[in-house]
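J.: Numbering (our numbering), first residue to last: 74 to 202.
For every residue, glycine included, the Cβ atom is placed at its ideal position computed from N, Cα and C.
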Amino acid sequence: MVATNLIELAIEASQNAYVPYSHFPIGAAVKTADGQVYTGCNIENASFGLTNCGERTAIFKAISDGHRDLIELAVYGQTEQPVSPCGACRQVMAEFFQQDAKITLIAKNGQTVEMTVGELLPYSFTDLT
Numbered sequence: 074m075v076a077t078n079l080i081e082l083a084i085e086a087s088q089n090a091y092v093p094y095s096h097f098p099i100g101a102a103v104k105t106a107d108g109q110v111y112t113g114c115n116i117e118n119a120s121f122g123l124t125n126c127g128e129r130t131a132i133f134k135a136i137s138d139g140h141r142d143l144i145e146l147a148v149y150g151q152t153e154q155p156v157s158p159c160g161a162c163r164q165v166m167a168e169f170f171q172q173d174a175k176i177t178l179i180a181k182n183g184q185t186v187e188m189t190v191g192e193l194l195p196y197s198f199t200d201l202t
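Below, the structure is given as structure tokens:
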């Protein structure tokens, strides 16, 4: 089956996660304003601080391809409840998304919660200029 939406793409991306330490695969899919979609998964390292989350992998792929206007993100985890992004990912979202951008959190049973970036991180650190 070919994935056609962000939820399906996030689930599919989680299958590429490299998680030999946590065994906690995460997949993410981000959409740009011009309709491009980028996926990412978490990639662990024995030096755990060097690990990169799935959300940031997808966002960084879009940014590295020149996209700065990100409009939507879906995040999947093999969790009982819809997975919640870590604080670092929330701050990166605040950097590259508008506060009202749609974020869909997805559990392994397909349950979803839709939020905005502002709801995920209401007092984000922002550009001080």
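Taking 8 angstroms as the limit between beta carbons, can you name the residues of its chain near Ala131, skipping five residues before and five after?
T.: Excluding residues within five positions, the ones whose Cβ falls inside 8 angstroms are Ala86, Ala101, Ala102, Val103, Tyr111, Thr112, Gly113 and Leu146.
J.: Cα separation between Ser95 and Val156?
T.: The straight-line gap from Cα to Cα measures roughly 15 angstroms.
J.: Which residues in the same chain have their Cβ closer than 7 angstroms to the Cβ of Cys159, if we skip the five residues on either side of it in sequence?
T.: Excluding sequence neighbours, Cys159 sits near Cys126.
J.: Tell me the DSSP bridge mates of Phe97?
T.: Its beta-bridge partners do not exist; DSSP assigns none.
J.: With a Cβ-Cβ cutoff of 8 angstroms, do Thr199 and Ala167 count as a contact?
T.: Yes, the pair counts as a contact, with Cβ atoms nearer than the cut-off.
J.: Spatial neighbours of Gly150 within its chain, please: C-beta separation below 6 angstroms, excluding the five flanking residues on both sides.
T.: Hits under 6 angstroms: Ile99 and Val156.
J.: If I measure Cβ to Cβ from Gln109 and keep anything under 8 angstroms in the same chain, skipping five residues before and after, which residues do I get?
T.: So the qualifying residues of the chain are Ala135, Asp138 and His140.
J.: Three-state secondary structure (DSSP) at Phe170?
T.: Note: Phe170 maps to strand in three-state DSSP.
J.: Quick one: Cα of Lys181 to Cα of Pro93, how far?
T.: Using only the alpha carbons, I get a separation of about 19 angstroms.
J.: For Ala106 and Asn118, I'd like the C-alpha separation in whole angstroms.
T.: Cα-Cα distance, rounded: 32 angstroms.
J.: Taking just the CA atoms, how far does Glu128 sit from Ile84?
T.: Answer to the nearest angstrom: the Cα atoms are 12 angstroms apart.
J.: What number of angstroms, rounded off, separates the C-alpha of Phe133 from the C-alpha of Thr124?
T.: The alpha-carbon atoms of Phe133 and Thr124 are separated by roughly 14 angstroms.
J.: Rounded to whole angstroms, what is the Cα-Cα separation between Ser197 and Glu81?
T.: So the two alpha carbons sit approximately 29 angstroms from each other.
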